[in-house]
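Sequences listed follow chains A and B, in order.
The opening position of the first sequence corresponds to residue 3 in this note's numbering, with each subsequent residue numbered one higher.
The opening position of the second sequence corresponds to residue 328 in this note's numbering, with each subsequent residue numbered one higher.
All C-beta atoms in this analysis are idealised placements derived from N, C-alpha and C, irrespective of residue type, glycine included.
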Amino acid sequence: MTLKDKRVLITGGARGLGRTLSRVFSTEGALVAFSYIRDEESARETVEAVRASGGEVKAFKVSVLDVPGTEKMVKEIEDAWGGIDILVNNAGISQNLPIALMEEEDWDKVMDINVKGTFLTSKAVLRGMIRRKFGVILNIGSLAGQRMIEAPVHYCASKAAIKGLTEAMAKEVARYQIRVNCLAPGLLEDGVGRNLPDHRLADYLKHCALGRIGCFEEVAHFASFIVSDANSYMTGETVLMDGGL
Amino acid sequence: MDGYHAYTRHVNPVLGKFLELTGRDLRLVHAQGGVLEDAEGRRFDDWISGFGSFNLGHNPEVIKETLREHLSGNAPNLFVENLNPYAGTLAERLIDACGATFETVFFSNSGSEAVEAALKTAILATGKKRVAHAEGAYHGTTLGALACMGRGLYRDDFNGVLADFPEVPFADAKALENALSKEDVAAFIVEPVQIEAGIRIAGDEYLQDARKLCDRFGALLIFDEVHTGMGRTGTLFGWQHSGVVPDIFTLAKSLGGGMVPIGAVLMAEGLWRRAYGNYLRCEIHNSTFGGNALACRAALKTLDVIGASGFLASVRERGEALFLRLTQALEGSRLLERVAWRGLLGGIKLKDVNHPWLQWENVGLEELRGRPISGVLVMERLARRNILVQVCAHDWSVIRVEPPLTVDPDACARFVDAMGEAVRWLGENA
Numbered sequence: 003m004t005l006k007d008k009r010v011l012i013t014g015g016a017r018g019l020g021r022t023l024s025r026v027f028s029t030e031g032a033l034v035a036f037s038y039i040r041d042e043e044s045a046r047e048t049v050e051a052v053r054a055s056g057g058e059v060k061a062f063k064v065s066v067l068d069v070p071g072t073e074k075m076v077k078e079i080e081d082a083w084g085g086i087d088i089l090v091n092n093a094g095i096s097q098n099l100p101i102a103l104m105e106e107e108d109w110d111k112v113m114d115i116n117v118k119g120t121f122l123t124s125k126a127v128l129r130g131m132i133r134r135k136f137g138v139i140l141n142i143g144s145l146a147g148q149r150m151i152e153a154p155v156h157y158c159a160s161k162a163a164i165k166g167l168t169e170a171m172a173k174e175v176a177r178y179q180i181r182v183n184c185l186a187p188g189l190l191e192d193g194v195g196r197n198l199p200d201h202r203l204a205d206y207l208k209h210c211a212l213g214r215i216g217c218f219e220e221v222a223h224f225a226s227f228i229v230s231d232a233n234s235y236m237t238g239e240t241v242l243m244d245g246g247l
Numbered sequence: 328m329d330g331y332h333a334y335t336r337h338v339n340p341v342l343g344k345f346l347e348l349t350g351r352d353l354r355l356v357h358a359q360g361g362v363l364e365d366a367e368g369r370r371f372d373d374w375i376s377g378f379g380s381f382n383l384g385h386n387p388e389v390i391k392e393t394l395r396e397h398l399s400g401n402a403p404n405l406f407v408e409n410l411n412p413y414a415g416t417l418a419e420r421l422i423d424a425c426g427a428t429f430e431t432v433f434f435s436n437s438g439s440e441a442v443e444a445a446l447k448t449a450i451l452a453t454g455k456k457r458v459a460h461a462e463g464a465y466h467g468t469t470l471g472a473l474a475c476m477g478r479g480l481y482r483d484d485f486n487g488v489l490a491d492f493p494e495v496p497f498a499d500a501k502a503l504e505n506a507l508s509k510e511d512v513a514a515f516i517v518e519p520v521q522i523e524a525g526i527r528i529a530g531d532e533y534l535q536d537a538r539k540l541c542d543r544f545g546a547l548l549i550f551d552e553v554h555t556g557m558g559r560t561g562t563l564f565g566w567q568h569s570g571v572v573p574d575i576f577t578l579a580k581s582l583g584g585g586m587v588p589i590g591a592v593l594m595a596e597g598l599w600r601r602a603y604g605n606y607l608r609c610e611i612h613n614s615t616f617g618g619n620a621l622a623c624r625a626a627l628k629t630l631d632v633i634g635a636s637g638f639l640a641s642v643r644e645r646g647e648a649l650f651l652r653l654t655q656a657l658e659g660s661r662l663l664e665r666v667a668w669r670g671l672l673g674g675i676k677l678k679d680v681n682h683p684w685l686q687w688e689n690v691g692l693e694e695l696r697g698r699p700i701s702g703v704l705v706m707e708r709l710a711r712r713n714i715l716v717q718v719c720a721h722d723w724s725v726i727r728v729e730p731p732l733t734v735d736p737d738a739c740a741r742f743v744d745a746m747g748e749a750v751r752w753l754g755e756n757a
């Protein structure tokens with residue numbers, strides 16, 4: 003168990019990659035708390051999935067942009083478990099909008115949730131980590147923030163911003179023995195990749211060395227290694243996981 | 328998996344994902360009148376109205392109360408091989424409402440089924456095998472109804488298995504005369520307003536000509552009123568505007584008050600007997616749940632509401648007020664082609680946009696290349712302001728306008744304002 007007794011908070015944990023992260027981290031021995039914004043039924047299913055594997059889990063309905071709500075969530079977790087060792091900033095959104103239809107409000111919404119939300123949640127959790135002089139933060143980036151691919155510009159910009167945020171934050175908090183890294187997946191089978199037009203997917207697969215899209219399970223297992231103590235000499239890094247594009 | 332995700336996985340994966348990607352995957356949890364509300368408390372003005380099913384708005388209290396009262400009485404719901412008093416009463420009410428010589432009503436569960444029944448009745452009653460229909464028509468997606476669908480997306484893949492019925496240009500009496508002149512056509516089926524073709528209103532003169540031609544060549548005249556019936560156009564049935572009485576007409580959608588599915592086919596005197604009138608044949612067209620008590624009770628109450636003094640006059644007044652304001656708001660818009668309406672059923676036809684920015688291939692939907700995009704772009708603009716609209720199925724350059732018949736002035740003002748802004752935006756960016 004790579005994460006035995008680690009106390010983990012995962013944002014956007016009710017569905018998709020967040021749910022798989024919650025389940026895999028739990029099977030690796032972690033106590034898992036996750037936040038979600040609206041999908042209560044999915045959150046319940048995630049809770050059940052984690053509990054079914056014998057893990058301890060807490061769910062919080064709070065937006066990453068809700069500062070008092072996030073601080074309250076962090077305090078509740080710290081009161082219950084004595085602290086948070088690992089934060090995974092997974093919550094994020096995208097909109098399938100070309101520049102022509104993208105309005106300022108769209109830009110703000112994506113940047114707010116993906117970038118500002120990562121900053122705000124990190125800030126709320128860092129206070130305790132710095133006090134305890136230990137912590138790991140993993141930001142979920144994207145291939146879209148690293149390479150030139152056809153994806154909405156606000157989404158790409160937000161994921162590129164997360165790479166910069168990761169590097170700056172890693173530098174600033176390293177002195178407290180806190181590591182900050184970013185995992186940037188390529189197309190995943192249950193994510194946006196499933197909705198690509200056939201020719202775009204074919205183009206991706208043509209250039210992908212492994213010739214397939216990835217799955218949440220693969221990302222979650224690698225993430226559990228990145229945040230584990232076994233990976234103690236890596237910080238400020240953005241790791242691409244794209245099947246060799 | 329919650330029900331919303333299960334929909335995307337198991338009901339319509341493409342639509343579900345499209346809604347998700349475009350941010351329109353609303354978790355709707357509440358509906359009242361003309362307003363839908365999602366799980367986060369956001370409210371949306373519904374100007375799609377279930378494609379004509381919510382003439383009384385969502386969850387009308389009077390219909391709910393009727394259904395509750397009916398359910399509490401434990402009356403039989405189906406009267407299989409027995410006399411059905413609910414169907415009988417509803418049939419009588421519908422016939423009375425026509426003010427013309429209708430005699431028989433067949434009940435089904437949907438508009439498509441009603442059209443099927445109308446076609447079969449016409450074929451049996453006349454002994455002829457072909458049914459003429461209009462270009463641009465939309466009568467439903469079952470195979471019989473589809474044989475009367477205008478050419479295009481909905482029909483073309485099925486051409487090989489569909490009956491080879493003659494299609495005539497809409498509102499073209501000469502073409503209709505040619506189609507009927509061989510006297511081998513059982514009926515001509517037409518919508519008094521072609522909704523999916525872009526809110527095209529059949530003129531009174533055309534309908535009068537169609538009536539005369541059908542009489543002359545021994546064909547029946549069928550009006551498909553699935554969408555235009557039940558007060559949508561400001562009269563109870565759309566054909567009442569022209570005074571042209573069909574031999575057969577169909578109803579569905581709002582007949583059930585937006586709560587219960589029900590369709591109906593009204594047949595002129597003697598027709599049913601000619602088609603089905605002996606012991607052997609009287610049940611060769613049937614529907615197990617057609618005319619079920621619950622649906623009939625909902626329909627009877629719906630007729631009460633729409634038939635109440637002043638209701639239809641208010642629909643006409645609201646329609647005039649709405650569309651005049653809309654016309655003013657859109658006046659001078661570079662891309663506006665026309666605004667057409669009857670009662671509270673209307674359409675805004677837009678010219679298509681030229682700028683390469685605003686083409687399907689640039690919004691990630693290359694497979695839609697070549698189809699009009701202007702109406703869909705306006706849909707997107709209105710969705711941003713929490714107003715839900717839809718384009719016409721056969722013509723995506725036309726935005727359909729069909730609020731509940733009880734729509735209030737504030738909702739109309741919001742709609743006119745948002746539509747004005749959206750069409751202006753389109754004109755500036757096209």
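Interface partners of residue i on chain B, CB under 9 Å
{"i": "A/Ala225", "result": "Simply none; closest approach about 23 Å."}
Those residues which DSSP pairs with residue i across a bridge
{"i": "A/Ser37", "result": "A/Phe62"}
{"i": "B/Asp423", "result": "None, per the DSSP bridge assignment."}
{"i": "B/Lys676", "result": "B/Arg665, B/Val725"}
{"i": "A/Asn141", "result": "A/Asn91, A/Cys184"}
{"i": "B/His460", "result": "B/Glu494, B/Ile516"}
{"i": "B/Gln655", "result": "DSSP, once it has assigned bridges, lists no residue as partnering B/Gln655."}
{"i": "B/Ile549", "result": "B/Ile516, B/Ile575"}
{"i": "B/Ala591", "result": "B/Phe434, B/Leu578"}
{"i": "B/Gln359", "result": "B/Val362"}
Neighbour list for residue i in chain B, Cβ cutoff strictly below 7 Å
{"i": "A/Leu103", "result": "Val690, Glu707"}
Residue from the options whose Cα sits closest to the Cα of residue i
{"i": "A/Lys118", "options": "A/Gly137, A/Val66, A/Glu50, A/Thr13", "result": "A/Val66"}
{"i": "B/Asp365", "options": "B/Asp372, B/Ser376, B/Leu353, B/Asp373", "result": "B/Leu353"}
{"i": "B/Gly570", "options": "B/Thr654, B/Leu639, B/Asp531", "result": "B/Asp531"}
{"i": "A/Val34", "options": "A/Gly245, A/Arg40, A/Gly166, A/Val49", "result": "A/Val49"}
{"i": "B/Val512", "options": "B/Lys456, B/Gly584, B/Met746, B/Leu398", "result": "B/Lys456"}
{"i": "B/Asp491", "options": "B/His466, B/Val458, B/Asp484", "result": "B/Val458"}
{"i": "B/Ile526", "options": "B/Val750, B/Ala757, B/Ala720", "result": "B/Ala720"}
{"i": "A/Met150", "options": "A/His209, A/Tyr235, A/Gly18", "result": "A/His209"}
{"i": "A/Ile164", "options": "A/Thr120, A/Leu11, A/Ala16, A/Pro100", "result": "A/Thr120"}
{"i": "A/Leu167", "options": "A/Arg133, A/Gly57, A/Leu122", "result": "A/Leu122"}
{"i": "B/Gly659", "options": "B/Leu672, B/Glu694, B/Val750", "result": "B/Val750"}
{"i": "A/Gly56", "options": "A/Phe36, A/Ala32, A/Gly71, A/Val64", "result": "A/Ala32"}
{"i": "A/Asn183", "options": "A/Phe62, A/Ile12, A/Gly143", "result": "A/Gly143"}
Proximal chain A residues relative to residue i, where beta-carbon distance stays under 8 Å
{"i": "B/Thr629", "result": "What B/Thr629 touches in chain A: nothing, since even the nearest Cβ is about 34 Å away."}
Under 7 Å from the C-beta of residue i: neighbouring residues of chain A
{"i": "B/Arg698", "result": "Within chain A, no residue comes near B/Arg698; the closest Cβ sits about 15 Å away, beyond 7 Å."}
{"i": "B/Leu649", "result": "Under the 7 Å cutoff, chain A gives no residues; its nearest Cβ is about 27 Å from B/Leu649."}
{"i": "B/Trp684", "result": "Ala102"}
{"i": "B/Asp329", "result": "Asp41, Glu43, Ser44"}
heavy atom of the ligand ATP below 7 Å from residue i C-beta
{"i": "B/His568", "result": "Annotation note on the ligand ATP: not contained in the displayed structure, which lists no ligands."}
*May I ask you to list, following chain order, the residues of the region 85–113 of chain A that have a beta carbon less than 7 Å from some beta carbon of chain B?*
So the close ones are Gln97, Asn98, Pro100, Ala102, Leu103.
*asked:* Using 8 Å as the cut-off, can you tell me whether the region 604–617 of chain B makes contact with the region 693–711 of chain B, which would need three or more C-beta pairs spanning the two stretches below that distance?
replied: Under the Cβ criterion (8 Å, minimum of three pairs), the region 604–617 of chain B does not count as touching the region 693–711 of chain B.
*Does the region 653–672 of chain B come close enough to the region 176–191 of chain A to have 3 or more Cβ pairs within less than 8 Å?*
Three or more Cβ pairs closer than 8 Å define a contact, and the region 653–672 of chain B falls short of that threshold against the region 176–191 of chain A.
*Answer yes if the region 706–726 of chain B comes into contact with the region 611–627 of chain B, meaning at least three C-beta pairs across the two stretches below 8 Å, and no otherwise.*
Cβ pair count under 8 Å is below three, so no.
*asked:* Give me the subset of the region 23–47 of chain A whose CB atoms are less than 9 Å from a CB atom of chain B, sorted by chain position.
replied: Cβ contacts with chain B come from Ile39, Arg40, Asp41, Glu42, Glu43, Ser44, Arg46, Glu47.
*Any chance the region 631–643 of chain B sits against the region 590–607 of chain B, with 3 or more Cβ pairs inside 8 Å?*
In short, these stretches do not touch, since the Cβ pair count stays below three.
*asked:* Pairs of beta-carbons, one from the region 505–513 of chain B and one from the region 474–484 of chain B, closer than 8 Å: are there three or more?
replied: Contact annotation: the region 505–513 of chain B does not touch the region 474–484 of chain B, with fewer than three C-beta pairs closer than 8 Å.
_Members of the region 346–366 of chain B near chain A, C-beta cut-off 8 Å_ = Flagged, chain order: Glu347, Leu348, Thr349, Gly350, Arg354, Ala366.
_Please list, in chain order, the residues of the region 726–756 of chain B that have any C-beta partner in chain A closer than 8 Å._
So the list reads Asn756, given in the order they occur along the chain.
*Do the region 721–738 of chain B and the region 641–656 of chain B meet, that is, are 3 or more Cβ pairs less than 8 Å apart?*
Below 8 Å, enough C-beta pairs join the region 721–738 of chain B and the region 641–656 of chain B to call them touching: three or more.
*Stretch-stretch touch, CB-based, cutoff 8 Å, three pairs: the region 548–555 of chain B with the region 408–420 of chain B*: At 8 Å Cβ cutoff, the stretches do not touch.
*If we count Cβ pairs, one from each stretch, closer than 8 Å, do we get three or more for the region 130–139 of chain A versus the region 79–89 of chain A?*
Two segments are said to touch when three or more pairs of C-beta atoms, one from each, lie closer than 8 Å; by this definition the region 130–139 of chain A touches the region 79–89 of chain A.
*Pairing CB atoms from the region 433–444 of chain B with CB atoms from the region 577–594 of chain B, are three or more of them under 8 Å?*
Segment contact: the region 433–444 of chain B against the region 577–594 of chain B, three or more CB-CB distances shorter than 8 Å; contact assigned.
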